[in-house]
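S.K.: Input: one structure, supplied below.
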Amino acid sequence: MLARKIIICIFLLVLPRTVEAVSYKELSRIKQNFSVILVPSDTDPFHLKSILSSIVPETEVSDQVVVELHQRYPLNEEKMAFYISSLSDKGAWPDINYEDKKRSGWEPKLHAERILELVKLYYSKQTPYYQSAEVETAIHKALDYWFISKPICLNWWYNQIGIPKTLGTAFVLFEQKLTSKEKKAAISVMENAKFGMTGQNKVWLAGNVMMRALLQNDAGLVKMARDTIVSEIVTGKVEGIKDDWSFHQHGAQQQFGNYGLSFVAGMSFFSGIFSGTSLAFDERQLGIISTLIDQGYRWTVWRGKMDVSSLGRQLFHHAQVHKALSLAFSASELGGGESSSCASVARNLLQENYGTMDQNPLIGHKHFWQSDYTIHRRPHWMTSVKMASDRVVGVEMMNGDNMKGFYMADGATYLYQNGDEYLDIFPLWDWRQLPGVTTFRSDGPMPVIQKYHPRNAVSFVGGISNGVQGVSAMEINRAGIKVRKSWIFMNDYVLCLGTGIQADSNLVVTTALEQCHRKGDLKVLQNGIWNQISNQWHAVSSEQRFFHNNVGYITWGDSTSCVAEVAQRSGRWHDVMQMYRPQSVTGDVVSIYLEHGVSPKDKKYQYLILPAVSETAVKNFNLSSIRVLHNDEGAQVVYLKEEKMYCITAYQPISFILTSGCPLDIYTPGIYMLREEGGNCNIWCTDPTQDRDIINLKFNSKEVVIPLTGRKGQTININL
């Protein structure tokens, strides 16, 4: 009887693992899925491979997402022939610097990538090299060199994530051809990756563990790795997917195009790898990823280019193009092609960015309240604003990446029409005059981003949206500059206001309206006639109008010193991203900026951006339709006649009379939009500090208390 009880207890202890364990048949299916997904084929249902083939491949690549995108290029037989013929007897390639010490763009990784390419070549039926003995010999030689030399990078990421990720894929595909000695060495390489860390790093590491488990036929470990991967498909954690559908990594830092894009690409890949097995992603998990794409990523991409402010520190050559296309592939493959809801999201994304429509169908206004990031989309243009606060990290510098981006989150305002306004402009930029940014003018070295995390010293940073229009505001106290900024986003323009500009340096302070590639002539309106600016134009005036590339810029109000110029510039990618070789590039750049003088005190500005318009429309634009009621220390208040709307950034309590004669008293500092209609008042508001529990105001002598619990930082809409 006792023996029977012991047997039953042992059975019950073992049963959960037996029930949940992955069968060896399913392990074989997972390995088959690797081959189906990774070995090149002719299938191209969304024509993305043809789009990729039209893009010249990069010669220097560090970004893992771009590495994997390049692995999708059709196999180049000439390049493969070089790999085979140039491989030394020891299994090394002469054009790779195996002694490289860079922390980003580490050259020995090319050896691992070439092994993977050769493995794909070996199994691809598209070329004469299919199951070629010559290719197989080259693979074994290259593997042998890696196993013996054991290259180590100074950057942990390559050792634990990048190399095991690339070689692990090759090991799984080539498993049947590995000798017992090679398989043991392969498992040793994969053992550099262990469970741990957070966000996308956690997913990468778990994926590497999963590939090791496949090589070891350890079904339990495969399931453990899979469960670790899907544990990150949740919202609301410190890092990862946020409730506003942005993505954070390295603390409270928006990482759409860096870690976040790797997250989406990885989850899409794993959803295909596990399809057809008991480990397949369920509808809830697929729904979270597809919603992240639909309500997050779709907003950041315009005509196949990702917004500069979404790239993070990864300001690589052609980064906007590569990251957008990587997203498109990931969206199209999410769910292994078996989810209709995922396919619908993918079709929308592809239609908006790679379709033939004249105008963009995703129209609206969105503020990512957990990332201090705003997107405004219209049928023919898009603009973005990137901010930072004492809650949100603005930008980072790491491993030689983003050496000049100190001011990238100080209100950088980018405008897109055809999408290539800033494509590959990074070596040519004056990084102290990024569009929308107020800072010092200097020829000295850029400030260094300390500890990789520049923050703004204040909490008053945020935005509101009614779905179509919106207001964003940012109080800046950082690096010797103080300023209060507001952006008002309407159907046909963006109004930009600045007040309280102060600086603690004897350098001239400027605010940049634009700094982009030259696309045609830059013109200034003088005495009713548009005149071309050939070099630099400078004037002090209460109103100036400029036109460039179907965009109008109008600055008006107090007499202001304004500079507009067209200049050929040269620069080096290496100075921005140190992984690149130090080679110079040149290009023509258009700049428009305001000068606030040396050590300004309480200076202000107001300017208008009119996208997708004609010269005539800019010339005839009636500024009286925009009434700037306040642009001072207490508030920035604008009444828009055509919209019959007030846009208010109240830094302190403020009272005024509306056009209807009704008094409005705002007791709680914040951001507000309101529209009076038929005796009622429709109000959108938020507390940008995200510290308060209520918003308190009085409309037409009626006290109003708006609770914020559970909605801090978000737009709240009420009707009075």
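Going by this note's numbering, the first residue of the sequence shown is number 30, and it counts up by one from there. Think of the CB as a built atom: it goes at the ideal place given N, C-alpha and C, for glycine as much as any other residue.
1. Report yes if the C-beta distance between I695 and L726 is below 8 Å; otherwise report no.
2. Report all residues from its chain with a CB closer than 7 Å to the CB of N729; omit the five preceding and five following residues, and keep chain order.
3. Going by alpha carbons, who is nearest to S83 out of P103, D533, I66 and Y445?
4. Given this structure, state the Cα-to-Cα distance separating A348 from D453, to the nearest angstrom.
5. Can you tell me the Cα-Cα spacing of T468 and A568, whole angstroms?
6. For V96, tell me which candidate among D73, G465 and S133 has the shortest Cα-Cα distance.
7. Specify the secondary structure class of Q635 as computed by DSSP and reduced to three states.
8. Where in the region 208–236 do unbroken runs of the alpha helix (DSSP H), each at least 4 residues long, occur, reported from the N-terminal end onward?
9. Is it right to say A664 is buried, meaning 16 or more other beta carbons lie within 10 angstroms of its own, or is it exposed?
10. Please report how far the alpha carbon of N748 lies from the alpha carbon of K514, in whole angstroms.
11. Do W410 and P157 have their C-beta atoms within less than 8 Å of each other?
12. Inspect the beta-carbon positions of L542 and P464 and report whether they are closer than 8 Å.
13. With 16 other CB atoms within 10 Å as the buried threshold, where does G549 fall?
14. Going by DSSP, what residues sit across from Y582 in a beta bridge?
15. Assign T88 to buried or exposed, taking buried as 16 or more other Cβ atoms, counted over all protein chains shown, within 10 Å of its Cβ.
16. Which stretch, first to last residue, makes up the alpha helix (DSSP H) that contains M296?
17. Between which two residues does the beta strand (DSSP E) harbouring Q555 extend?
18. Between which two residues does the beta strand (DSSP E) harbouring V267 extend?
19. For C525, which residues does DSSP report across the bridge?
20. Using only the alpha-carbon positions, how far apart do T738 and K213 sit?
21. Please give me, in chain order, every unbroken run of the alpha helix (DSSP H) with length at least 4 that falls completely inside the region 117–184.
22. Is it the case that the CB of D272 approaches a heavy atom of the ligand HEM more closely than 7 Å?
23. Based on DSSP bridge pairs, tell me the residues matched to D661.
24. Skipping 5 residues on each side, what residues in its chain have a beta carbon closer than 6 Å to that of S590?
25. Is it buried or exposed for V238, if we count other Cβ within 10 angstroms and need 16 for buried?
26. Since E362 is in the beta strand (DSSP E), which residue starts that stretch and which ends it?
27. Who are the Cβ neighbours of Y445 in its own chain at under 6 Å, not counting the five residues just before and after it?
28. For a quick check, are the C-beta atoms of L56 and L243 less than 8 Å apart?
29. Can you tell which of G384, S319, Q155 and F203 has its C-alpha closest to the C-alpha of H76?
30. Helix or strand or just coil, what does DSSP make of M239?
31. Is the CB-CB distance between V148 and L202 below 8 Å?
32. Can you tell me which of I683, I621, E165 and E705 puts its alpha carbon nearest to the alpha carbon of N564?
33. Ignoring anything shorter than 3 residues or poking outside the region 366–408, list the beta strand (DSSP E) runs there in chain order.
34. What is the rounded straight-line gap between the Cα of C38 and the Cα of G249?
35. Looking at the secondary structure, which residues open and close the alpha helix (DSSP H) in which V95 lies?
36. Please determine, among L234, I262 and E136, the residue with the shortest C-alpha to C-alpha distance to A254.
M.R.: The relevant details are as follows:
1. Locating residue 695 in the sequence shown gives position 666, counting from the first residue. Locating residue 726 in the sequence shown gives position 697, counting from the first residue. A contact, by the Cβ cut-off of 8 Å.
2. As a working mapping, residue 729 is identified with position 700 in the sequence shown. The answer, listed in chain order, is C691 and P692.
3. The count along the sequence shown starts at 1 and reaches residue 83 at position 54. Selected option, being the one with the closest Cα: P103.
4. Indexing the sequence shown from 1 puts residue 348 at position 319. Indexing the sequence shown from 1 puts residue 453 at position 424. Their backbone Cα atoms lie some 8 Å apart in a straight line.
5. Residue mapping note: residue 468 aligns to position 439 of the sequence shown, counting from 1. Residue mapping note: residue 568 aligns to position 539 of the sequence shown, counting from 1. Spanning the two alpha carbons is a distance of roughly 20 Å.
6. One-based indexing of the sequence shown puts residue 96 at position 67. Ranking D73, G465 and S133 by Cα distance to V96 puts S133 first.
7. Along the sequence shown, read from residue 1 onward, the residue named residue 635 stands at position 606. Note: Q635 maps to strand in three-state DSSP.
8. 209–219
9. Working through the sequence shown from its first residue, we reach residue 664 at position 635. Answer is buried; the Cβ neighbour count reaches 16.
10. The residue labelled residue 748 in the question sits at position 719 within the sequence shown. The residue labelled residue 514 in the question sits at position 485 within the sequence shown. Their Cα atoms are separated by approximately 27 Å.
11. In the sequence shown, residue 410 corresponds to position 381, counting from 1. In the sequence shown, residue 157 corresponds to position 128, counting from 1. No.
12. If you number the sequence shown from 1, residue 542 lands on position 513. If you number the sequence shown from 1, residue 464 lands on position 435. Less than 8 Å divides the Cβ of L542 from the Cβ of P464.
13. Translated into the one-based positions of the sequence shown, residue 549 becomes position 520. G549 comes out exposed.
14. Here residue 582 corresponds to residue number 553 of the sequence shown, with the count starting at 1. For Y582, which the question treats as bridged, DSSP gives the partners F575 and I638.
15. Along the sequence shown, one-based indexing puts residue 88 at 59. Looking at its Cβ environment, which holds fewer than 16 other Cβ atoms inside 10 Å, T88 is exposed.
16. For the purposes of this step, residue 296 is taken as the residue at position 267 of the sequence shown. Looking at the DSSP string, the run of the alpha helix (DSSP H) that includes M296 is L290 to I302.
17. Within the sequence shown, the letter at position 526 stands for residue 555. It spans K552 to Q555 - the beta strand (DSSP E) in which Q555 sits, taken as one unbroken run.
18. Looking up residue 267 in the sequence shown gives position 238. Note, V267: premise wrong, no beta strand (DSSP E); not H, not E.
19. Position 496 of the sequence shown holds residue 525. DSSP lists W516 and Y636 as the beta-bridge partner residues of C525.
20. Taking the sequence shown and counting its residues from 1, the one referred to as residue 738 is at position 709. Taking the sequence shown and counting its residues from 1, the one referred to as residue 213 is at position 184. Using only the alpha carbons, I get a separation of about 56 Å.
21. Whole alpha helix (DSSP H) segments, 4+ residues: 138–152 and 162–178.
22. Only the bare structure without any ligand can be found here, which leaves the ligand HEM out of the picture.
23. On the sequence shown, residue 661 is found 632 positions in, with the first residue counted as 1. Partner(s): none; D661 has no beta bridge.
24. By 1-based counting over the sequence shown, the position of residue 590 is 561. If we look at S590 and ignore the five residues flanking it on each side, its Cβ neighbours are V569 and E624.
25. As a position in the sequence shown, residue 238 is number 209, starting the count at 1. So V238 counts as buried.
26. In the sequence shown, the residue the question calls residue 362 occupies position 333. Run containing E362: none in the beta strand (DSSP E); it sits in the alpha helix (DSSP H), A348 to E362.
27. For the purposes of this step, residue 445 is identified with residue 416 of the sequence shown, where counting begins at 1. Cβ within range, chain order: W331 and M411.
28. By one-based count along the sequence shown, residue 56 stands at place 27. By one-based count along the sequence shown, residue 243 stands at place 214. Yes. Within cutoff.
29. Numbered from its first residue, the sequence shown carries residue 76 at position 47. It is G384.
30. Stepping through the sequence shown from its first residue, residue 239 is reached at position 210. Under the three-state reduction of DSSP output, M239 falls in the helix class.
31. Locating residue 148 in the sequence shown gives position 119, counting from the first residue. Locating residue 202 in the sequence shown gives position 173, counting from the first residue. The beta carbons of V148 and L202 sit closer together than 8 Å.
32. By 1-based counting over the sequence shown, the position of residue 564 is 535. Here the closest residue by C-alpha is I621.
33. 393–397 and 402–406
34. Translated into positions along the sequence shown, residue 38 becomes position 9. Translated into positions along the sequence shown, residue 249 becomes position 220. In this prediction, C38 has a pLDDT of 43, which is less than 50 and means its spatial position is unreliable; nothing more can be read from the coordinates.
35. Within the sequence shown, residue 95 is the residue found at index 66, counting from 1. Q93 to H99 is the span of the alpha helix (DSSP H), which, as asked, contains V95.
36. In the sequence shown, counting from the first residue as 1, residue 254 sits at position 225. Answer by Cα proximity: L234.
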